[in-house]
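Student: To start, I am sharing the structure in question, which I have written as structure tokens.
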Amino acid sequence: MIAAFEGWNDACQAATNVVRHLTAVYESREVRSIRCDGFYDYQQTRPIVCHATGRRRIVWPQTTFWDIAVAPGRHLIAQLAPEPNYRWREYCRESLRIADELDVTHVVMLGSMFADCPHTRPLPVDVNCENADVDPDQRYSGPAGIPTILDDIAAQDGFDTTTMWASVPQYLGDGDCAQATLDLLGRLSDLLGVDLDAGDLPRKAEEWKAQASMLVRCNDALQDYVRHLEAKYDRHDKARREASLGGPQCEQLVREAEAFLKDLG
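The opening residue of the sequence shown carries number 1 in this note's numbering; numbering runs sequentially from there.
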């Protein structure tokens, strides 16, 4: 089951748009829901007025569970909802009860967050699995959203869990970020071992990059800021690649460099 929540955990709607994309490109059907009563503050998450067949209708916030057929004999359950305001533990227990009814064994939390990252480089996507060996210095400490609580309770209840968080450039505002949605979809494909249909996301991602570049070109201060982020990204990427080489490979590179310099002499 993949779970994505609108609001604080969903910068540029990158996470919830993964679910919307999957329900649009694959055969899908609504299989369960959680009523909104008691979980939402309607001054924060307001009902929506819409008109269908000439009649007014009030649409209340709710949690919907979808069954999505992503491959022959392969189905995903997707949970989509605004982040609830109240009774999070009860809400998570109800979500996991439904997951258990639908024979779910692995719960994947999707999220996106604003970060100091340049649009001209690959957007960071952090993927963490339960019991993964994570450097303590790299672990997040701070306020938590509903994906973190659901992940914690799911692990306690015996589900396998994975979290995926995409970073999006904070300097571009809160419009949809198709690139982050595409990157999350790619990581989800890797996890499932299924080549998920990207549909028109690659085209939308290219349009997003082009619009971002145009915005940056029109603002000198923003250009300087992006160049700073690019340099920072490139330093970290170089350090990561060098660290991944390991001791013996580093020594080999040093020997090759020394031999090259000796030949020059």
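Virtual Cβ for every residue (Gly too), placed ideally from N, Cα, C. Computed from a predicted model, the values in this text were never measured in an experiment.
1) I'd like the span of the alpha helix (DSSP H) that includes residue 273, first residue to last.
2) Mind listing, in chain order, the continuous beta strand (DSSP E) runs of no fewer than 3 residues lying wholly within the region 160 to 187?
3) Taking 9 angstroms as the cut-off, decide whether the C-beta atoms of residue 69 and residue 30 are in contact.
4) Can you check whether the CB of residue 184 is closer than 9 angstroms to the CB of residue 202?
5) Using the C-alpha atoms, what's the distance from residue 141 back to residue 170?
6) Only counting the same chain, and skipping five residues up and downstream in sequence, which positions put a Cβ closer than 7 angstroms to that of residue 157?
7) Using only alpha-carbon positions, find the residue among 60, 18 and 77 that is nearest to residue 67.
8) Would you call the CB atoms of residue 34 and residue 63 closer than 9 angstroms?
9) If you compare alpha carbons, which of 86, 213, 164 and 98 is closest to residue 79?
10) If I measure Cβ to Cβ from residue 58 and keep anything under 7 angstroms in the same chain, skipping five residues before and after, which residues do I get?
11) Between 1, 224, 81 and 212, which has its C-alpha nearest residue 9's C-alpha?
12) Taking the continuous beta strand (DSSP E) assigned at residue 120, which residues delimit it?
13) Could you give the DSSP three-state label for residue 66: helix, strand or coil?
Tutor: Let's see:
1) With the chain represented from 1 up to 265, any question about residue 273 goes unanswered, as that position is not in the structure.
2) 160 to 169
3) no
4) no
5) 20 angstroms
6) 96
7) 77
8) yes
9) 98
10) 47 and 49
11) 81
12) Neither: residue 120 is in no beta strand (DSSP E) and is coded neither H nor E.
13) strand
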